[in-house]
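Chains as they are written, first to last, in my numbering: chain A, 1 to 453; chain B, 1 to 153. Note that beta-carbon positions come from the ideal geometry of N, C-alpha and C, so glycine has one too. Model, not experiment: these values are computed from the prediction. Below is one structure, written out as structure tokens; comments come after it.
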Amino acid sequence: MSLRDSQFGELKVPLTWTAAAALVVAAIVAAALLLTDRRETLQAEAYGAARVATDTVMAPVGEALSAPGRWTGAGIDAIRGYFFAVSENRRLKAELKEMRQWRDVALALRNENGRFRSLLGLKTDPPIPMIAARVVTDARGPFADTRIANAGREAGVHVGNPVMSEYGLVGRVIGVTGGASRVLMVTDVASRTPVMIDRTNARAILTGDGGPNPKLDYLRGQDPVREGDRILTSGDGGVVPRGLPVGFAVKGLDGKWRVVLASDKGPIDFVRILLFQDFTQVINRGELDQLEVPPPTPGPPPPVAPPTLVGPAAAPIPGAAVAAVGGAAARAATPGPAPAATTRTAAPAASANRPATPANPAARPATPSASPGTLARPPNGAAATGAATRPAAKPAAGPKPAAAAPTAPKKPPATTAGAPKKPVAAAARRDEGRSDLPREVRSQPAPSSDPPH
Amino acid sequence: MVQVVAATILLGVPLRVFGLQLPEPVFAMPVVFAWAVIRPSILAPMGILIMGLFMDLFWGGSQGLWALALLIAYGILLAGRSMMAGQSRTMLWVWYGMVAGIVELSGYLFIMLDTKTMPSLPSVGWQYLATLVLFPFAYRLIDMFEDADVRFR
């Protein structure tokens with residue numbers, strides 16, 4: 001018996017009211033989903049099974065649908081290449097000529113960088129492996145800006161991996177499945193990327209808003225950015241590696257600093273997924289916690305100062321002041337010997353720096369008999385002395401010595417003018433001994449690291 | 001509904017024409033408008049919920065965002081249905097424009113609350129305009145089905 005023939009067949013419900021009831025139920029379901037959604041956290045577990053299933057299905061569908069477009073583009077490129085081969089050849093030759101000059105510069109810089117790194121014992125980031133993938137679907141609305149790339153778990157892609165086009169940063173992976181991964185573009189409203197301004201090293205957060213030009217939020221410093229400044233990833237927080245090109249700064253119509261993305265120069269069809277893992281993912285925290293902390297190494301006994309007084313009595317104080325107050329700048333300028341030098345100079349006052357002394361063998365050759373003349377003849381000019389030793393060389397009163405005045409009476413007057421110069425002399429002697437270094441490298445000051453903000 | 005899903009997928013193809021990206025209109029909007037105008041139904045809200053959820057999943061946005069925005073539009077249309085009955089094409093287009101604007105506004109507010117960021121107004125405006133020009137599809141649906149239902153003759 002059908003429903004129409006039953007006793008309920010004559011039952012008539014008001015259509016509008018039943019539709020309204022269904023609407024309320026559906027709205028409750030939608031609101032619950034929206035409230036429980038944790039997409040903006042960008043965590044792997046927040047991605048959800050429904051999204052994983054959709055991406056798995058949509059990747060091959062998108063690939064098939066985008067195939068005609070790819071073929072058409074390839075055909076047009078082939079025809080264009082045939083008809084414009086001569087002009088392109090000319091252009092490429094000119095470009096090659098310019099690139100050869102850049103190659104020479106790059107080789108020289110690479111060599112110089114390598115020497116600096118070996119000198120400083122600098123631990124740089126290891127090379128990052130990457131894989132190529134093709135974008136198969138494209139969402140570009142104001143509330144969601146994502147792509148699906150056809151490389152997934154089997155290729156080693158993980159949530160959080162940065163994604164680049166041939167021109168610059170595109171976004172990062174927020175979901176991975178077999179054969180596909182979802183890329184959150186830097187223009188998406190949920191995207192936040194730590195960036196820096198190349199010229200000033202100032203930091204900012206690149207905030208997407210669904211438009212083509214994301215904003216630079218939380219800019220710090222005075223006049224940190226100018227029109228046309230290059231924007232790079234800062235690597236802060238370890239989410240993306242440092243130094244990936246992002247774009248150029250422009251002033252928006254709303255008065256906010258925005259970024260013209262480098263990746264907008266061309267279509268985002270092929271991308272590179274950087275299989276980058278930051279150190280917080282790489283290290284074994286449990287193992288680190290179990291490591292025994294070595295006992296503190298006792299420092300050498302404070303040197304017995306000769307009773308001779310060289311120069312004005314106030315001379316050592318500026319050096320000590322720089323060590324105590326501007327220690328960061330001093331460390332940045334001369335990472336190796338400088339802290340040890342200032343420690344020795346200001347042994348009673350700046351005893352907090354003492355642990356650095358025994359660990360640094362460069363300070364050991366510095367004897368009390370090192371003459372000030374050693375500093376007067378640095379290998380290649382006074383520029384090599386670094387910021388830490390400069391105030392000591394100039395005993396004239398300035399703002400920094402004045403600031404250090406309260407510590408002055410505590411200083412023994414014996415370890416004065418010549419002392420801060422000893423490590424420099426020692427470093428100079430150490431470098432002199434290294435015949436493998438060219439004279440310019442030996443006399444160069446250490447490249448300063450990022451200024452503190 | 002299937003056509004809406006198909007059109008959404010088709011416009012999701014990464015294609016640039018003369019260096020410009022394809023627009024991304026809300027294809028479900030004409031269907032939502034037509035379903036509310038033709039006749040109230042229990043199935044319509046469920047269909048809208050499914051379409052909205054598909055759009056969220058396909059576009060990778062917050063889950064439930066489009067579903068809720070479209071359901072709000074359906075509710076408004078259901079409430080004002082008697083005012084739209086017998087109106088001219090132009091007036092219906094005006095109504096459609098108003099409701100499409102409410103959909104975009106709801107999405108804007110939800111995203112603002114969700115991500116604590118104001119989405120770009122020009123981007124929202126472009127999507128609104130792209131959705132606005134889809135009204136002929138809604139009108140065609142109304143034309144096809146309004147007179148076909150014998151209960152409303």
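Checklist line | Coarse secondary structure for Arg103 of chain A, derived from DSSP in three states | finding: Locating residue 103 of chain A in the first sequence gives position 103, counting from the first residue. Looking at Arg103 of chain A - three-state DSSP - the assignment turns out to be helix.
Note to self: Taking the straight line between their C-alpha atoms, what separation do you get for Phe145 of chain B and Ser41 of chain B?
What the structure shows: Reading the second sequence from its first residue, position 145 is the one you call residue 145 of chain B. Reading the second sequence from its first residue, position 41 is the one you call residue 41 of chain B. Those two C-alpha atoms are separated by around 13 Å.
Item checked: Boundaries of the beta strand (DSSP E) in which Met84 of chain B is found, first to last residue -> Along the second sequence, one-based indexing puts residue 84 of chain B at 84. Taken as a continuous stretch (DSSP letters only), Met84 of chain B belongs to no beta strand (DSSP E), being part of the alpha helix (DSSP H) at 81-84.
Notebook entry, point to check: Are the C-beta atoms of Ala249 of chain A and some chain B residue less than 8 Å apart?
Noted result: As a first step, residue 249 of chain A is located in the first sequence; it is residue number 249 there, counting from the start. For Ala249 of chain A, the answer is no, since every Cβ of chain B falls outside 8 Å of its Cβ.
Item checked: Cβ of Arg182 of chain A within 8 Å of any chain B Cβ -> The residue labelled residue 182 of chain A in the question sits at position 182 within the first sequence. Yes - at least one Cβ of chain B is within 8 Å of the one on Arg182 of chain A.
Notebook entry, point to check: Do you know offhand how far Val13 of chain A's Cα is from Thr187 of chain A's?
Noted result: Counted from its first residue, the first sequence places residue 13 of chain A at position 13. Counted from its first residue, the first sequence places residue 187 of chain A at position 187. Near 49 Å, if we compare the C-alpha coordinates of Thr187 of chain A and Val13 of chain A.
Notebook entry, point to check: When the Cα atoms are used, what is the spatial distance from Gly101 of chain B to Glu287 of chain A?
Noted result: For the purposes of this step, residue 101 of chain B is taken as residue 101 along the second sequence, with counting starting at 1. For the purposes of this step, residue 287 of chain A is taken as residue 287 along the first sequence, with counting starting at 1. CA-CA distance, Gly101 of chain B to Glu287 of chain A, rounds to 56 Å.
Checklist line | Any C-beta of chain A under 8 Å from that of Gly12 of chain B | finding: Within the second sequence, the letter at position 12 stands for residue 12 of chain B. Taking a beta-carbon distance threshold of 8 Å, Gly12 of chain B counts as an interface residue toward chain A.
Notebook entry, point to check: Exposed or buried, Trp257 of chain A, counting other C-beta atoms within 10 Å across all chains shown (16 or more means buried)?
Noted result: Here residue 257 of chain A refers to the residue found at position 257 when the first sequence is read from its first residue. Per the 10 Å Cβ criterion, buried.
Margin query: For Thr115 of chain B and Leu122 of chain A, what's the separation of their Cα atoms in angstroms?
Written below: Taking the first residue of the second sequence as position 1, residue 115 of chain B is located at position 115. Taking the first residue of the first sequence as position 1, residue 122 of chain A is located at position 122. So the two alpha carbons sit approximately 39 Å from each other.
Next item on the list: Would you kindly check if the distance between the Cβ of Leu216 of chain A and the Cβ of Val259 of chain A is under 8 Å?
Entry: Position 259 of the first sequence, counted from the start, is the residue given in the question as residue 259 of chain A. Position 216 of the first sequence, counted from the start, is the residue given in the question as residue 216 of chain A. In this structure, Leu216 of chain A lies closer than 8 Å to Val259 of chain A by Cβ.
Next item on the list: In the DSSP assignment, find the alpha helix (DSSP H) that holds Val2 of chain B and state where it starts and stops.
Entry: If you number the second sequence from 1, residue 2 of chain B lands on position 2. Element bounds for Val2 of chain B: 2-10.
Next item on the list: Determine, using beta carbons only, whether Ala26 of chain A comes closer than 8 Å to chain B.
Entry: Counting from one through the first sequence, the residue named residue 26 of chain A turns up at place 26. At a cut-off of 8 Å between beta-carbon atoms, Ala26 of chain A makes contact with chain B.
Margin query: Quick check on Trp95 of chain B - is its C-beta less than 8 Å from some C-beta in chain A?
Written below: Your numbering for residue 95 of chain B matches position 95 in the second sequence. Closer than 8 Å: no.
Checklist line | Buried versus exposed call for Ser123 of chain B [16 or more other C-beta atoms within 10 Å across all chains shown] | finding: Sequence index remark: in the second sequence, residue 123 of chain B carries index 123 (1-based). So Ser123 of chain B counts as buried.
Item checked: Neighbour flag for Gln7 of chain A against chain B, beta carbons, 8 Å -> Position 7 of the first sequence, counting from 1, holds the residue named residue 7 of chain A. Residue contact check for Gln7 of chain A against chain B: no CB pair falls below 8 Å.
Item checked: Those residues which DSSP pairs with Ala133 of chain A across a bridge -> Mapped onto the first sequence, residue 133 of chain A falls at position 133. Answer is A:Val271, bridged to Ala133 of chain A.
Next item on the list: Drop a sphere of 10 angstroms on the beta-carbon of Ala419 of chain A, count the other beta-carbons inside from all chains shown, and report buried for 16 or more, exposed for fewer.
Entry: Locating residue 419 of chain A in the first sequence gives position 419, counting from the first residue. Per-residue confidence for Ala419 of chain A stands at a pLDDT of 39, beneath the threshold of 50, marking its modelled position as unreliable; the derived number appears in the next sentence. Per the 10 Å Cβ criterion, buried.
Notebook entry, point to check: Per DSSP, Gln21 of chain B is paired with what?
Noted result: The residue you call residue 21 of chain B lines up with position 21 of the second sequence. Under DSSP, Gln21 of chain B forms a beta bridge with B:Arg16.
Next item on the list: Please determine if the region 228-237 of chain A and the region 196-212 of chain A are in contact, where contact requires at least 3 C-beta pairs separated by less than 8 Å.
Entry: Between the region 228-237 of chain A and the region 196-212 of chain A, the count of Cβ pairs shorter than 8 Å is three or higher; the stretches touch.
Check: Which residues mark the beginning and the end of the alpha helix (DSSP H) in which Phe54 of chain B is found?
Finding: Taking the second sequence and counting its residues from 1, the one referred to as residue 54 of chain B is at position 54. DSSP places Phe54 of chain B in the uninterrupted alpha helix (DSSP H) bounded by 43-59.
Item checked: Pairwise C-alpha distance: Arg100 of chain A and Leu107 of chain A -> As a working mapping, residue 107 of chain A is identified with position 107 in the first sequence. As a working mapping, residue 100 of chain A is identified with position 100 in the first sequence. In this model, Leu107 of chain A and Arg100 of chain A are separated by some 11 Å (Cα to Cα).
Notebook entry, point to check: Hey, out of B:Thr131, B:Ala36, B:Arg89, whose CA is closest to Pro17 of chain A's CA?
Noted result: On the first sequence, position 17 is the one that residue 17 of chain A refers to. Pro is not the amino acid found at residue 17 of chain A; the sequence shown has Trp there. It is B:Ala36 whose Cα lies nearest to the Cα of Trp17 of chain A.
Checklist line | Pro60 of chain A burial status per 10 Å Cβ neighbour count (16 or more: buried) | finding: Within the first sequence, numbered from 1, the residue matching residue 60 of chain A stands at position 60. Classification of Pro60 of chain A: exposed, given that the 10 Å Cβ count is below 16.
Item checked: Member of A:Gly179, A:Asp138, A:Arg117 whose CA lies at the smallest distance from the CA of Val170 of chain A -> Indexing the first sequence from 1 puts residue 170 of chain A at position 170. For the options A:Gly179, A:Asp138, A:Arg117, the alpha carbon positioned closest to that of Val170 of chain A is the one of A:Asp138.
Margin query: Does chain A have any CB closer than 8 Å to the CB of Leu109 of chain B?
Written below: As a working note, residue 109 of chain B is residue 109 in the second sequence. For Leu109 of chain B, the answer is no, since every Cβ of chain A falls outside 8 Å of its Cβ.
Next item on the list: Please classify Thr146 of chain A: does DSSP put it in a helix, a strand, or coil?
Entry: Counting from one through the first sequence, the residue named residue 146 of chain A turns up at place 146. Here Thr146 of chain A sits in strand by DSSP.
Next item on the list: Return helix, strand or coil for Lys123 of chain A, following the three-state DSSP convention.
Entry: Within the first sequence, residue 123 of chain A is the residue found at index 123, counting from 1. If DSSP states are grouped into helix, strand and coil, Lys123 of chain A belongs with coil.
Next item on the list: Would you be able to state if there are at least three C-beta pairs under 8 Å between the region 151-163 of chain A and the region 268-277 of chain A?
Entry: As far as the Cβ criterion goes, the region 268-277 of chain A touches the region 151-163 of chain A, which means the pair count is three or higher.
Check: How would you label Trp95 of chain B, buried or exposed, when you count the other beta carbons within 10 angstroms and need 16 or more for buried?
Finding: Position 95 of the second sequence, counted from the start, is the residue given in the question as residue 95 of chain B. Classification of Trp95 of chain B: buried, given that the 10 Å Cβ count is 16 or more.
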